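The opening residue of the sequence shown carries number 400 in the working numbering; numbering runs sequentially from there. Glycine included, C-beta positions come from ideal geometry on N, C-alpha and C. Here the structure is a predicted model, which is why all the values come from computation and not from measurement. Take a look at the structure set out below.
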Amino acid sequence: MPNFLSDRDDLSHDPEDSSTASVLGVLSSAMNLLRRCRVNAALTIQLFSQLFHYVNVWAFNKVVAPNSIYCSRSWGLRLKARLAQIEVWAERQGLELAAECHLARLMQAAHLLQAPKYTCDDLATLSSSCFKLNSLQLRALLQRYQCSPDEPRIPHEIVDNVVRVAENLADELARSDGREVRLEEEPELALPFLLPEDGYSCEVVRGVPPGLVDFIAPLQHAGLCRLTAQPTSNGLWTVYMGASNSMVRSPSAMSNRSAGFLPTQQEPEVQIIKLHKSNNGMGLSIVAARVSTYT
Numbered sequence: 400m401p402n403f404l405s406d407r408d409d410l411s412h413d414p415e416d417s418s419t420a421s422v423l424g425v426l427s428s429a430m431n432l433l434r435r436c437r438v439n440a441a442l443t444i445q446l447f448s449q450l451f452h453y454v455n456v457w458a459f460n461k462v463v464a465p466n467s468i469y470c471s472r473s474w475g476l477r478l479k480a481r482l483a484q485i486e487v488w489a490e491r492q493g494l495e496l497a498a499e500c501h502l503a504r505l506m507q508a509a510h511l512l513q514a515p516k517y518t519c520d521d522l523a524t525l526s527s528s529c530f531k532l533n534s535l536q537l538r539a540l541l542q543r544y545q546c547s548p549d550e551p552r553i554p555h556e557i558v559d560n561v562v563r564v565a566e567n568l569a570d571e572l573a574r575s576d577g578r579e580v581r582l583e584e585e586p587e588l589a590l591p592f593l594l595p596e597d598g599y600s601c602e603v604v605r606g607v608p609p610g611l612v613d614f615i616a617p618l619q620h621a622g623l624c625r626l627t628a629q630p631t632s633n634g635l636w637t638v639y640m641g642a643s644n645s646m647v648r649s650p651s652a653m654s655n656r657s658a659g660f661l662p663t664q665q666e667p668e669v670q671i672i673k674l675h676k677s678n679n680g681m682g683l684s685i686v687a688a689r690v691s692t693y694t
């Protein structure tokens, strides 16, 4: 995470050489592990909600700290560019709604720092676009803002007006949800752990489930397909998922061959079916819509 707030500008546009490389590496490793272990999508979205929340809390609390050096236009531009890289990665994985939800305060803080904020109209626009920030957070960001040489100072009366609006909107909304109005973000995400309601099994499926036979029956009656169990199979559904396993035979088949028994007919050829999605995501966006109710 420290590289995420490094003071260099990423000019090479190379993700592996950017300030977000370590963050994206952790996210990609977690996604690869979950895919390899075939973790249910609903559980995956909950895990990444925690990861995005951690990124948001760690960076946001650094920005609003008393001795912060990050309250400037240049840092607002850096943060916005780095968060955009995480958003692109999340969209490719189907996690865009989770990222948008749990990185919202850091995104809005970055937008506030880099956007014009010198007139009443400017700050009125920012008040509507930075609605996640409460009055304490807005006051800290604006009062600690370090103007560039070509920027005018932000008038105190304008800051007071923006804070007053946040007190009537963001603060009241937080209190109505039972949340405390505080400067720093809570390290713990108030998101209950939910087991998937359906389509989830904590056991490795082996053999042909009875439900599959019933499901396929109407298609067989219509002459659209035929279901035949392979007698020499070891029953594991993952046997053909790896390229190195495409020619592996089950123990029962190997024992038959070693005993001198050869199959009377050629075994079925393995057919590979690929489903191409528009954005190569996991299809988690629908599940991700749930998380917005917890912030």
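For V425, the uninterrupted alpha helix (DSSP H) run begins and ends at 420-435, by DSSP. In the displayed model, Q445 falls within a helix according to three-state DSSP. The Cβ neighbour count for S547, taken over all protein chains shown within 10 Å, is under 16; the residue is labelled exposed. For L593 and Q445, the gap between their C-alpha atoms comes out near 8 Å.
Look at S526 here: in three-state DSSP terms it is helix.
Taking a contact as a CB-CB distance under 8 Å, the pair L541 and V558 counts as one, their CB atoms being some 5 Å apart. A residue is called buried when at least 16 other Cβ atoms come within 10 angstroms of its Cβ; L511 meets this threshold and is buried.
If you draw a straight line from the Cα of G622 to the Cα of K673, it is about 23 Å long. In this structure, A497 lies near S448, with their beta-carbon atoms less than 8 Å apart. Using a Cβ distance threshold of 8 Å, C470 and Q545 count as a contacting pair. A contact between stretches requires three or more CB pairs, one per stretch, nearer than 8 Å, and the region 513-528 meets this requirement with the region 560-577.
Here the region 471-481 makes contact with the region 498-518; the two share three or more CB pairs at distances below 8 Å. If you draw a straight line from the Cα of N633 to the Cα of H620, it is about 28 Å long.
For Q629, the three-state secondary structure derived from DSSP is coil. Between L532 and R491 a beta carbon distance of about 28 Å is seen, past the 8 Å cut, so the two are scored as non-contacting. The region 524-602 contains, as complete alpha helix (DSSP H) runs of 4+ residues, the segments 534-542, 555-565, 571-575 (chain order). In the DSSP annotation of this structure, the continuous segment of the alpha helix (DSSP H) that includes W474 starts and ends at 472-492. In the DSSP secondary-structure assignment, R504 is not bridged to any residue. Secondary structure of L623 (DSSP, three-state): coil.
As the crow flies, the alpha-carbon of E584 is around 18 Å from that of R543.
Here L635 is bridged, per DSSP, to R605. Per the C-alpha coordinates, the member of A483, L404, E556 positioned closest to I468 is L404.
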